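Some notes on the structure that comes next.
In our numbering, the protein residues as written are 776 to 1053.
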C-alpha cells in the first residue's frame, strides 16, 4: 500500500513537472505551487505510511517548521542567505515568506536523507557512518538549489538585493545563498535522526519511490535547464553538485537490481526440454 500510494503521487508529480516548460505566466506560477504541494504530500505521506507518525512529525518539524523559521529570519535580516524579497506570485505569505517555500524544503529533504542512509549502510564505526550520512544528506539537499534558485529567479519569484559575489554563469544569485543552504541543511539533517528515532536509520523496498524521486529530480532538472529553460550554467552547476549523491545512488540501485536478478535466475529450477533450447 505504501509503495502504491507513493508511486501514484510520484507519477502525478512527474506529470506536473513535465507540463512546467509548456506553461507561462500565472499558469506556470500556479503549477509551481501545485508541484511543491504534491512534493510535500509525497514525502511526508511516505514518511508517515512507511515509518509512522513519529518520523513524519519529525520531518515536518525539522524541514517545514525549521524551513519557515530560517526563511523568515532570512527575509527579515538577510542572514544566512543574503538580502532577498519574494514576489507575490507564489501564493499567500507569512512574515514575508510564501507558505509553499518551507514545503519545498520538506519535499526534497526526505529523499535526500533516505539516499544518504542507503549509501552509508556499510562498514566503519557508527560515528564515521553518522558523519558520512549527514554530509551526503546535506549535499544531497543543498545542491538541489543550484537548479532551483536560478530557475525561480529567472521566473521573478524572488529577487536578490545584492547578488555579488556570484558563481560563474549564475548572475543574480549570491554565493551566500548556497552557503546558507549548506548551513541549514546540515542543521536539519543533524536534527532529523534524533527526533525521528531509529526507524529513520534504515531503508528497504518501500523507499524505492523516494529514490526514484531523487534521481528523477536530478536527471530531469539537467534536461530541463539545458534544453527547455535556456539555463545552461545552472544545468552544469546542478549536475555537478547533486552528482555527489545522485550518481552513487544510481550505481547502488543498479547493482542491487542486477544482483537481485542474478540471484533469482540462479534459483530458478531447471526445466528439461525448455532451458536446453535457449
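Ideal Cβ positions, reconstructed from N, Cα and C, are used throughout, including at glycine. Just so it is clear, the structure is predicted and the values come from calculations on it, not from any experiment.
First and last residue of the uninterrupted alpha helix (DSSP H) at residue i
i	result
residue 989	983-998
residue 920	920-930
residue 821	800-826
residue 969	950-971
residue 909	901-917
residue 722	Nothing can be reported for residue 722: it is not among the residues displayed for the chain, which extend from 776 to 1053.
residue 841	841-852
residue 894	876-894
residue 777	777-794
Extent of the continuous beta strand (DSSP E) run through residue i
i	result
residue 935	933-935
residue 859	859-861
Beta-carbon proximity check, residue i vs residue j, cutoff 8 Å
i	j	result
residue 936	residue 861	no
residue 835	residue 811	no
residue 815	residue 916	no
residue 886	residue 985	yes
residue 1015	residue 1001	no
residue 788	residue 813	yes
residue 855	residue 958	yes
residue 970	residue 833	yes
residue 865	residue 932	yes
residue 945	residue 891	no
residue 830	residue 974	yes
residue 989	residue 1021	yes
residue 1024	residue 894	yes
Cβ separation of residue i and residue j, assumed to be a contact under 8 Å, to the nearest whole Å
i	j	result
residue 913	residue 848	Not a contact, Cβ separation roughly 19 Å.
residue 785	residue 987	6 Å
residue 919	residue 992	7 Å
residue 843	residue 808	With a Cβ gap of about 16 Å, residue 843 and residue 808 do not count as contacting.
residue 825	residue 983	So it is not a contact: roughly 11 Å between Cβ atoms.
residue 978	residue 911	So it is not a contact: roughly 13 Å between Cβ atoms.
Residue i at chain D interface by Cβ criterion, 8 Å
i	result
residue 826	The question asks about chain D, but that chain is absent: this structure has only one protein chain.
Cβ neighbour criterion (16 or more within 10 Å) applied to residue i
i	result
residue 1055	Missing from the structure shown is residue 1055; the chain here goes from 776 to 1053 and no further.
residue 980	exposed
residue 968	buried
residue 779	exposed
residue 948	buried
residue 857	buried
residue 802	exposed
residue 776	exposed
residue 867	exposed
residue 925	buried
residue 1044	Because the pLDDT of residue 1044 is 42, which lies under 50, any placement of that residue in the model is unreliable, and the number read from its coordinates should be weighed accordingly. It counts as exposed.
residue 1061	In this structure the chain extends from 776 to 1053, so residue 1061 is not present and cannot be described.
residue 875	buried
residue 793	exposed
residue 782	exposed
residue 900	exposed
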